[in-house]
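For the record, in the sequence shown the residue sitting at position 76 is 76 according to our numbering, with numbers rising by one throughout. Below is one structure; the comments refer to it alone.
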Amino acid sequence: MDNELNSKSKAINQFLDSLKNQLELLNDENFGDKFQLALETMMIIQKLKNDLIEKYGMPNLIKYNPNMFIKAKQIEETYDNTIRKFGLEISRLEKEISSLNGRKKIVNYIR
1 MDNELNSKSK AINQFLDSLK NQLELLNDEN FGDKFQLALE TMMIIQKLKN
51 DLIEKYGMPN LIKYNPNMFI KAKQIEETYD NTIRKFGLEI SRLEKEISSL
101 NGRKKIVNYI R
């Protein structure tokens with residue numbers, strides 16, 4: 001293969017490593033900033049991958065750098081787990097707010 005394949009594959013692997021770290025470091029305090037950065041990194045990876053697929057085809061890309069696809073699958077699982085974790089936290093907070101609103105109504109009714 002050629003230099004473009006090598007350099008773009010290397011860049012994708014570096015972006016994948018960075019993305020994995022970004023997702024692992026997400027928490028309540030930095031979610032807005034870090035998640036946006038993670039989405040931007042995903043877009044860069046997608047563009048690089050699409051360029052390579054267009055030029056070399058998916059089968060050749062998989063043969064050339066199977067580790068890239070393994071990393072991508074692991075990151076997909078990390079992303080799904082992160083979204084699930086924040087979704088559960090949102091549900092918990094919604095229930096807590098609803099409960100507090102119910103208590104407030106009871107207090108107002110008692111007065």
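For glycine and all other residues, C-beta sits at the position ideal for the given N, C-alpha and C.
| Item | Value |
| --- | --- |
| Straight-line gap, Asn-3 to Ile-45 (C-alpha atoms, nearest Å) | 18 Å |
| Beta-carbon proximity list for Thr-41, same chain, < 8 Å, skipping 5 on both sides | Phe-15, Ser-18, Leu-19, Gln-22 |
| Ser-7 to Asn-13 span [Cα, whole Å] | 10 Å |
| Where the alpha helix (DSSP H) through Asp-17 begins and ends | 3-24 |
| Arg-111 - DSSP class collapsed to helix/strand/coil | coil |
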